[in-house]
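Taking UniProt numbering, the leading residue of the sequence shown gets 1, the next gets one more, and so forth. Cβ coordinates follow ideal geometry from the N, Cα and C atoms, glycine included.
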Amino acid sequence: MTLQSNEKIEHWRSELASKSPGDIIRWVVETFPGDAVLASSLGAEDQILTHLIARHAPALDIITLDTGRLFPETHDLLDQTRRHYGLRIKVYFPDRHRVEEMVNEHGSNLFRHSIAKRKQCCAVRKIEPLKRALAGKSAWVTGLRRDQSTNRGYTEVIEWDEANQMVKINPLHDWTEAQVRRFLEEQHVPYNALHDQGYPSIGCAPCTRAVLPDEDPRAGRWWWEPREHNECGIHIVNGRVERKVPVFVE
């Protein structure tokens, strides 16, 4: 990022500091008309952002990824969200040839065999289709929050995404988990039914399990790996992989 770009990010950060998430969504559409997208995982935070887009900026594009290994409940939520808000949510799939090559060489459950193969699976099923979804855009909106984990304390309302060479906007950056819960309840925002069954974090079905009340919420993702490797690579900050930690943790 150039010095000029950094100065622009700082200016925008100051401009957005006192704005509500709804105002930030409107700002995104005004500042990046036709050039920004919400990349939704259909998690609780992204469902709130979808709600705000429907209310304040329905022209903002929304995309999501279908890895081919999602829970049925996640597909149900996608259909429910489309009907509830009347929004077009574009689904991106992994490249068929790359999936076939990977599965034929390593098997359907290669992610169980080694950390390298699990990261390969994430790269094919998540990272590549996300890059296609973001191609040609100048900015993307995410549901990242500061209190999602200890290493998220530096998350800003707007940042430069070095990995994707674009602006990243985090309208809920300073929200607490309590605020997320309250908004979902008060605004009747659709959310994944698995959250009520002990799944604080929901990804691909083979790589996600329910957690016990006293377990770390991330314990349900890639639980067979050492904790330091439990990342998929979607969010990279300053060269480090960052991943969202969900709500609905007892």
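| message | Mapping the DSSP letters down to three states, classify N151 as helix, strand or coil. | response | Numbered from 1 along the sequence shown, position 151 holds the residue referred to as residue 151. With a pLDDT of 49 at N151, under the threshold of 50, the predicted position of this residue should be treated as unreliable, and no value is reported.
| Straight-line Cα distance separating V189 from P199 | The residue given as residue 199 occupies position 199 in the sequence shown. The residue given as residue 189 occupies position 189 in the sequence shown. The question names Pro, but residue 199 in the sequence shown is Tyr. Cα to Cα, Y199 sits roughly 18 Å from V189.
| Which listed residue (R145, R98, R112 and R125) has its alpha carbon closest to that of T176 | Numbered from its first residue, the sequence shown carries residue 176 at position 176. Ranking R145, R98, R112 and R125 by Cα distance to T176 puts R145 first.
| Delimiting residues of the alpha helix (DSSP H) encompassing W160 | Locating residue 160 in the sequence shown gives position 160, where the first residue counts as 1. Where W160 is concerned, there is no enclosing alpha helix (DSSP H), although the beta strand (DSSP E) it sits in stretches over I158 to D161.
| query | Roughly how many whole angstroms lie between the Cα atoms of G107 and Q187? | reply | Walking along the sequence shown from the start, residue 107 turns up at place 107. Walking along the sequence shown from the start, residue 187 turns up at place 187. Spanning the two alpha carbons is a distance of roughly 43 Å.
| query | Can the beta-carbon of Y92 be found less than 8 Å from the beta-carbon of A133? | reply | Within the sequence shown, residue 92 is the residue found at index 92, counting from 1. Within the sequence shown, residue 133 is the residue found at index 133, counting from 1. The answer is yes: Cβ separation under 8 Å.
| field | Residue of L110, I63 and R182 minimising C-alpha distance to K131 | value | As a first step, residue 131 must be located in the sequence shown, where it is residue number 131. Among L110, I63 and R182, the Cα nearest to that of K131 is on I63.
| Looking at the unbroken alpha helix (DSSP H) that takes in V28, where does it start and where does it end? | Position 28 of the sequence shown, counted from the start, is the residue given in the question as residue 28. Note, V28: alpha helix (DSSP H), P21 to T31.
| query | Between the stretch 155-163 and the stretch 10-28, do at least 3 Cβ pairs fall closer than 8 Å? | reply | yes
| Could you give the distance in angstroms between the alpha-carbon of V124 and the alpha-carbon of P226? | For the purposes of this step, residue 124 is taken as the residue at position 124 of the sequence shown. For the purposes of this step, residue 226 is taken as the residue at position 226 of the sequence shown. Going from the Cα of V124 to the Cα of P226 covers about 22 Å.
| From R69, G143, P213 and L87, pick the residue whose C-alpha is nearest to that of L49; which is it? | On the sequence shown, position 49 is the one that residue 49 refers to. Out of R69, G143, P213 and L87, G143 has the C-alpha closest to the C-alpha of L49.
| message | Distance check for D79 and T155, CA to CA, integer angstroms please. | response | Within the sequence shown, residue 155 is the residue found at index 155, counting from 1. Within the sequence shown, residue 79 is the residue found at index 79, counting from 1. Cα to Cα, the separation comes out at about 31 Å.
| query | For L194, which residues of its own chain have a beta-carbon under 6 Å away from its beta-carbon, when the five flanking residues on both sides are left out? | reply | By 1-based counting over the sequence shown, the position of residue 194 is 194. Contacts found: E73 and I202.
| field | Outcome for G86 when other beta-carbon atoms lying within 10 angstroms are tallied against a minimum of 16 | value | Counted from its first residue, the sequence shown places residue 86 at position 86. Under this definition G86 is an exposed residue.
| request: Identify every residue that forms a DSSP beta bridge with I62. | output: Position 62 of the sequence shown, counted from the first residue, corresponds to residue 62. Looking at the DSSP assignment, I62 forms a beta bridge with L38 and I89.
| Based on the DSSP output, what are the partners of residue 257 in its beta bridges? | Residue 257 lies beyond the stretch modelled for the chain, which goes from 1 to 250, so this question has no answer here.
| Quick one: what's got a C-beta closer than 7 Å to D147's C-beta in the same chain, skipping five residues either side? | Counting from one through the sequence shown, the residue named residue 147 turns up at place 147. Hits under 7 Å: T176 and E177.
| Roughly how many angstroms separate the alpha carbons of A54 and E30, rounded to a whole number? | For the purposes of this step, residue 54 is identified with residue 54 of the sequence shown, where counting begins at 1. For the purposes of this step, residue 30 is identified with residue 30 of the sequence shown, where counting begins at 1. Their Cα atoms are separated by approximately 15 Å.
| field | Coarse secondary structure for L194, derived from DSSP in three states | value | On the sequence shown, residue 194 is found 194 positions in, with the first residue counted as 1. Helix, per DSSP.
| Simplified DSSP state of R82, which is helix, strand or coil | Counted from its first residue, the sequence shown places residue 82 at position 82. Helix, per DSSP.
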